Structures are given as C-alpha cells and as structure tokens.
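1074 is the number of the first residue of the sequence shown in this note's numbering; add one for each residue after it.
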Amino acid sequence: MQSIPIKNVGTNRLVDTFQREYYYLRLSVTDVCNFKCTYCLPSGYQPPVQKESFLSLDEIRRIVGAFAAMGTEKVRLTGGEPTLRKDFLAIVETISALEGIKKVALTTNGYRMEKDVERWKKAGVSSINVSVDSLDPRQFYSITGENKFHQVMKGIERAFEIGYEKIKVNSVLMKNLNDQEFDRFKNWVKDKPLQMRFIELMQTGEMDQFFNRYHLSGQILAEKLLKEGWILRQKDRADGPAKVFSHPDYLGEIGLIMPYEKNFCASCNRLRVSAKGKLHLCLFGEEGVDLRDLLVSDEQQVILQSRLYAALQGKREHHLLAQGNSGIRTNLASIGG
1074 MQSIPIKNVG
1084 TNRLVDTFQR
1094 EYYYLRLSVT
1104 DVCNFKCTYC
1114 LPSGYQPPVQ
1124 KESFLSLDEI
1134 RRIVGAFAAM
1144 GTEKVRLTGG
1154 EPTLRKDFLA
1164 IVETISALEG
1174 IKKVALTTNG
1184 YRMEKDVERW
1194 KKAGVSSINV
1204 SVDSLDPRQF
1214 YSITGENKFH
1224 QVMKGIERAF
1234 EIGYEKIKVN
1244 SVLMKNLNDQ
1254 EFDRFKNWVK
1264 DKPLQMRFIE
1274 LMQTGEMDQF
1284 FNRYHLSGQI
1294 LAEKLLKEGW
1304 ILRQKDRADG
1314 PAKVFSHPDY
1324 LGEIGLIMPY
1334 EKNFCASCNR
1344 LRVSAKGKLH
1354 LCLFGEEGVD
1364 LRDLLVSDEQ
1374 QVILQSRLYA
1384 ALQGKREHHL
1394 LAQGNSGIRT
1404 NLASIGG
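Written as structure tokens, this is what we have:
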C-alpha cells in the first residue's frame, strides 16, 4: 500500500459540541520525574508494576501529525520531566518539522536548562515554562525535594543569553508557603522579561489533605494586582489558560491560572495525550481514549483523525472541580499537568 503523507490527510477540524476549537496539544513524553514536589509526587516517581513503554519517536510523529492536520498549531512537551528522555532533541526536531505546527513549547523543572537550553533552542523549542515554586533556596528544597534552586536560576539566565526573549515561570500557589513571597516574585519580574504564573493548587485523589491545608484562591492575587494598577491582557487564540496582567512600570508580567473560577472552561483550546498514548479531553476527566493501536503506521492517519474527532464530541462543557470531583486523577505527573 502506498504511504499517505501526513500533511495531506484529513479535513475535519478539532471542534467540540460547544463550538470550542482546539489549536493546542499538551503531549506528555514520559511519566518519570526526578523531583519530588509536595503537591505532585511527594514520594518521588514510582515505576508501575506492569511497565508499558512510552510513545516512540514514530508514534509521536504520527499523533502530532494527525493533530496538525486537524488544526493544531501549538504543541507543549510535558512529563514528568520531558528532558529526561534520551531522544528529547529528536522529538523536538520531529515535531517542529511537521507542517502546521507553529510553536513547540516545553514545560521543565529546569535542572538541565543551564547545560542544554542552547541545544533545545536549535532543535526547535520556541518557548519555555520552568517551575520555580519559591525564591528562597531552602523553601525551594522543601517543596521540590531537590537542592537545585541556584542551578535552575542559572538556567533561566542562560536562556536569555542564548536568545529567548521571554521565559514563563510556573509556581503552584500554596497558602502560608509561597503566597508570602508574592511581592518578592513581583520584584523579580520588574526588570526581567519573565511571565510569572501562579497556578492554583488543584485537588487530586491522593492529595485531599494537602489541598485542604494549602489551597488559596488566585482571585485574592487578581484583586491585589488590579488595585496596584496591573491591567488584564487580551489572550491570543493558542494561549494557555492563564489570565495575564501587565503593568507600565514592569518589564515582566504576572499570570494567574485559576481552574476553580467560573467559566474557566469556556475558552478551553487544548487537549492532552499521555506518554502512553491516551487522549485526555480534560485534565480532570475520566479514563482516556486509547490511540496507540492507530499509531502503528502512516496508513492509519485517516482512522486516527476520525477517532480524535469522535472522542472530542464527548467532551464535557466544564470540569467538576468545584464539586470536589477530580475524576480519576490521583496526581498530575501522569498526564503532564
């Protein structure tokens, strides 16, 4: 049978029954992480008893090719820690070469950033989100389980040196922990082109007690910013869920990701694929839709696209977090957050 080029297959767009169009794919390439963050994997990564391989380079090419043919423009590589994969650069090169893909973003804990960020850029990583949950090295160690604060900071500086114009920094907001550093974070972005993003702590099956103890509404920070003259910026269509605020006296920006906010899901534009090939319609949805049987050859692209479209028609209008229902999600590392 003659091979069908991925770029010529498929006409259906990724549109759900609520007329939301999906331009943005979050692709996990590994479940493995070398950090032990209190809000995610406090005991560290535990390999499953029945080991299943992560998506291969060819499987990644096929799944992203199908998404691209259906209108996806942005791919974010997540994990676990995506840069732990030995073929990470090849993954980036493969995805960035696909027709229709305009941005290849990376979410990382930053531990390899100082050493490898130049190679990431050359391979095609167009933007980077790095996790920094505290600007206090001791607090950073307490939250992540790793004494890597200064290493991560050097990595961010190195990214600017080699040509990145903006770096996004993620911090999971935790009451009586890093929320007390809010002004310190603001001062950090005053003269640096950083977008400091505070993510509301989200409830997962394994972390109920932790959530009850540390959850803080991002709305408190939003009100504080507005009082201080920060202005809410308009979103681009392929942007993520953050509400981004800018201020005329600051070079950097502040972003807030507030999944408990009313109408949070109204502008949803992203889908997720796990490192083992399951499509997840929502971070807090039910069991994923298996795609791996349709990633064996290029000839399966039309069927793969049909499965993606059909699955999307079952996407709910919104998640049920506000009702305390996080679906089957026991932690966030298994799907890339």
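Even glycine gets a Cβ: it sits at the ideal position worked out from N, Cα and C.
Keep in mind the model is a prediction, meaning the values are calculated, not measured.
Between the segment 1165-1184 and the segment 1193-1201 there are three or more inter-stretch CB-CB distances shorter than 8 Å, so the stretches are counted as touching. In the DSSP assignment, residue 1353 falls within the unbroken beta strand (DSSP E) covering 1351-1353. CA-to-CA, the gap between residue 1271 and residue 1284 works out to about 16 Å. With 16 or more other CB atoms across the displayed protein chains lying within 10 angstroms of its CB, residue 1168 is buried.
The count of Cβ pairs closer than 8 Å, one atom from the segment 1306-1319 and one from the segment 1361-1376, stays below three, leaving the stretches out of contact. Every alpha helix (DSSP H) stretch that sits fully inside the segment 1291-1358 and reaches 4 residues is listed by chain position as 1292-1300. Counting along the chain, residue 1267 sits inside the beta strand (DSSP E) bounded by residues 1267-1273.
Under DSSP, residue 1150 shares a beta bridge with 1100, 1179.
By the Cβ criterion, the segment 1094-1113 is in contact with the segment 1152-1170, since at least three pairs of Cβ atoms, one from each stretch, lie closer than 8 Å. Residue 1377 is positioned such that its CB atom lies no closer than 8 Å to that of residue 1170. The criterion of a C-beta distance shorter than 8 Å is satisfied by residue 1267 and residue 1242. In the structure shown, residue 1260 falls within a helical segment according to DSSP collapsed to helix, strand and coil.
Approximately 18 Å separates the beta-carbon atoms of residue 1100 and residue 1094; this is outside 8 Å, ruling out the contact.
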